[in-house]
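Participant: Quick one: structure below, then a few questions.
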Amino acid sequence: MFIKCFLILSAATLLAADRVSFQAIIGGKDTSIEDIPWQVSLQYNSHHLCGGSIYNEWIIITAAHCVDRIRVQDLKVRVGSTKQNRGGQLLNVEKVKIHQKYYNVNNAHAVNDVALLLLSKPILLNGSRKMKTIELATSTPAGGSSAKVSGWGETTFGYPEILQSVDVEIVSFNVCKNSYAPKNIEVTEAMICAASEGKNACHSDSGGPLVSNGQLVGIVSWGPKSCNQPGLPGVYADVAVFRSWIINEAAELVRTKKQSL
């Protein structure tokens, strides 16, 4: 299973890229939302676009490249459903906050690839086993640590209706950086990498969660064009690096929203 995340507005560009592309899941399995209750589907004009994670009842964490060219009124978020096209709660997005230092390199990979979505109405969590918030990592996990990535992105057999997940291992920063150096692609210290043989994240699950020890450690961002390319791990925004930004910006978004109620 390979989590696959296309920017819908620039799909042709991504398909033409010959080095890397935004991310899907390869080598995974069907998974119940109860096992990954923080997972959401970000929808563009009623179609799955990217993944995301529930931070609190008002805020979704996703990748900046998923939303940097899309009108907020065209976005919705589906929460609490194993299926990306039905069930759970479908909520409107009211505001998008993209990291101020985000930039997209040749429509192929992104730096500081994190964004927050403010929902128009709060998620009705109510102790549901299908909808839960996810704790942010306080530090970057060491190389070799186990992790799980999930989403509805393209698999070996096309786009799934059922949520997919795959177990991967964290790849050390130096190994990841050296893997992409021959392609003249910089892996920064704001990125974390993960992969396992025959498993990875790929197109349309960008923005989705990479979780280790019950904490959100990464946000699916980019990787090799062929997704499951030996020696080239998937690359994620490192949540520990962006922890303070997420906490502060989410608090400000919610504060402003509540003042308007």
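Numbered according to mature numbering (1 follows the signal peptide of the UniProt record, and there is no 0), the sequence shown spans residues -17 to -1, 1 to 244.
Even glycine gets a Cβ: it sits at the ideal position worked out from N, Cα and C.
Values in this document were obtained by computation on a predicted structure and should not be read as measured data.
(1) Answer with yes or no whether the minimum CB distance from Pro216 to chain B is below 9 angstroms.
(2) Closer than 6 angstroms by C-beta to residue 247: which residues in its own chain qualify, once you throw out the five before and the five after it? Chain order, please.
(3) If I follow the unbroken beta strand (DSSP E) through Arg52, where does it start and stop?
(4) When the Cα atoms are used, what is the spatial distance from Ser162 to Asn109?
(5) Terminal residues of the continuous alpha helix (DSSP H) containing Ser155?
(6) Alpha carbon to alpha carbon, what distance is there between Val79 and Arg54?
(7) How many angstroms separate the CA atom of Glu118 from the CA atom of Ala223?
(8) With a threshold of 6 angstroms on Cβ separation, who are the neighbours of Gly11 within its own chain once the five nearest residues in sequence on each side are excluded?
(9) Hey, quick one: how far does the beta strand (DSSP E) through Ala220 stretch, first residue to last?
(10) Determine the direct distance from the alpha carbon of Arg61 to that of Met114, and round the result to whole angstroms.
(11) Identify the continuous beta strand (DSSP E) that holds Ser189 and give its terminal residues.
(12) Val154 and Pro207: beta carbons closer than 9 angstroms?
(13) Jot down the residue ranges of each uninterrupted beta strand (DSSP E) in the region 64 to 145, minimum 3 residues, whole runs only, in chain order.
(14) Tell me which residue opens and which closes the beta strand (DSSP E) that His178 is part of.
(15) Could you check whether Leu102 and Glu40 sit closer than 9 angstroms to each other, using their CB atoms as the reference points?
(16) When you compare the CB positions of Thr121 and Gln198, do they come within less than 9 angstroms of one another, or not?
(17) Should Ser189 go down as buried or exposed, given a rule of 16 or more other Cβ atoms within 10 Å for buried?
(18) Exposed or buried, Ile229, counting other C-beta atoms within 10 Å across all chains shown (16 or more means buried)?
(19) So, at 8 angstroms on beta carbons, what are the nonlocal neighbours of Arg112 in its own chain, with the 5 sequence-adjacent residues on each side left out?
(20) Label Ser64 either buried or exposed according to how many other C-beta atoms from any shown protein chain fall within 10 Å of its C-beta, with 16 as the threshold for buried.
(21) Check Tyr38 in the structure and name its three-state DSSP category.
(22) Work out the CA separation of Gly214 and Tyr38 for me, nearest whole Å.
(23) Leaving out five residues on either side along the sequence, give the residues of the same chain with a beta carbon under 8 angstroms from the beta carbon of Glu77.
(24) Give me the Cα-Cα distance between Gly126 and Gln212, rounded to the nearest whole angstrom.
(25) Please work out which residues of its chain come closer than 8 angstroms, Cβ to Cβ, to Ser243, disregarding the five sequence neighbours upstream and downstream, and give them in chain order.
(26) Which residues bound the beta strand (DSSP E) around Val23?
Facilitator: Taking the structure as given:
(1) Included in the structure is just one protein chain, with no chain B present.
(2) Look at the range of the chain in this structure, -17 to 244, and you will see that residue 247 is not part of it.
(3) Careful: Arg52 lies outside any beta strand (DSSP E) and carries neither H nor E.
(4) 45 angstroms
(5) Careful: Ser155 lies outside any alpha helix (DSSP H) and carries neither H nor E.
(6) 9 angstroms
(7) 11 angstroms
(8) Met(-17), Gln147, Ser148, Val149
(9) 217 to 221
(10) 11 angstroms
(11) Counting along the chain, Ser189 falls outside any beta strand (DSSP E), and DSSP gives it neither H nor E.
(12) no
(13) 72 to 81, 86 to 88, 92 to 94, 98 to 102, 129 to 134
(14) According to the sequence as given, residue 178 is Ala; it is not His. Element bounds for Ala178: 174 to 178.
(15) yes
(16) yes
(17) buried
(18) buried
(19) Glu17, Pro20
(20) buried
(21) coil
(22) 32 angstroms
(23) Val55, Leu101, Leu102, Ser103, Lys240
(24) 19 angstroms
(25) none
(26) 22 to 27
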